[in-house]
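K.L.:
Per my numbering, residue 11 is the first one in the sequence shown, and the count goes up by one each step.
A single structure is presented below for examination.
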Amino acid sequence: MSGIEKITERILADAREQAEANRAEAAGKAKEILAAGDALAEKKRQAILDQAKAEEIELHKRRQAVCDLEMRKDTLQAKREVMDAVFREAGEALAEISGPEYETLLEKLLIECAAVGSGKVAIAKKDQTFFKPAFVKKAEKALEERGIKRRIEIDRADEAIENGFIYYADGMEINCTFAAVLAQERERLETGVYSILFA
11 MSGIEKITER ILADAREQAE ANRAEAAGKA KEILAAGDAL AEKKRQAILD
61 QAKAEEIELH KRRQAVCDLE MRKDTLQAKR EVMDAVFREA GEALAEISGP
111 EYETLLEKLL IECAAVGSGK VAIAKKDQTF FKPAFVKKAE KALEERGIKR
161 RIEIDRADEA IENGFIYYAD GMEINCTFAA VLAQERERLE TGVYSILFA
């Protein structure tokens, strides 16, 4: 083999060696890039899964909160209906009182109202049988025994008043109809009735 052939062979051998080294380096870099790409893809996939899971949990919480709110509203509505029924029945029972018991109730209400001052009474038409001068004098006497001097007059019988009366004194109007008394008592008693019903 001549000198030129040796040099040529040597150049070709070096070129082949360099090409093999370049190919091996490129393959190594390609593996690194693919591995880095796979790791990045996995990281992004996991991030997407985590976000989706977090959104699912948040959505579930929001739905649960809405359900809880609706349930509380429904429960409160049901309790309100029960309370209304209890006081409605109390009103019906109050309206059914008659005879001496009814007269005693009217007398107590009249004494309480007249304590604020002398005045006039507008009564339910059906209560004319109770509101006689003697009935009024009895209330005045009961107040006198407490050291309160009052003068009570029967003003009129009013068909708009179902039961009870309205007392007028010193520019005030005190509604002592059973509906008004029950409404006032409801405000006072509601908390106690609620605790008894729903303890």
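Ideal placement from N, C-alpha and C gives every residue a C-beta, glycine not left out.
None of these values were measured; they are calculated from a predicted model.
Inspect the beta-carbon positions of V191 and G202 and report whether they are closer than 8 Å.
P.N.:
The answer is no: Cβ separation not under 8 Å.
K.L.:
Give the DSSP-derived three-state secondary structure of A179 in the structure shown.
P.N.:
Here A179 sits in strand by DSSP.
K.L.:
Given a cut-off of 8 Å on the beta-carbon distance, is the pair A134 and D168 in contact?
P.N.:
In contact: A134 and D168 (Cβ atoms closer than 8 Å).
K.L.:
Rounded to whole angstroms, what is the Cα-Cα separation between D60 and I67?
P.N.:
Rounded to the nearest angstrom, the two C-alpha atoms are 10 Å apart.
K.L.:
For G129 and A152, what's the separation of their Cα atoms in angstroms?
P.N.:
Roughly 16 Å between the two C-alpha positions.
K.L.:
DSSP state of A125, grouped into three classes?
P.N.:
Correct three-state label for A125: coil.
K.L.:
Using the DSSP secondary-structure output, state which residues sit across from R20 in a beta bridge.
P.N.:
Answer is none; R20 lacks a bridge partner.
K.L.:
DSSP beta-bridge partners for K54?
P.N.:
DSSP output for K54 lists no bridge partner at all.
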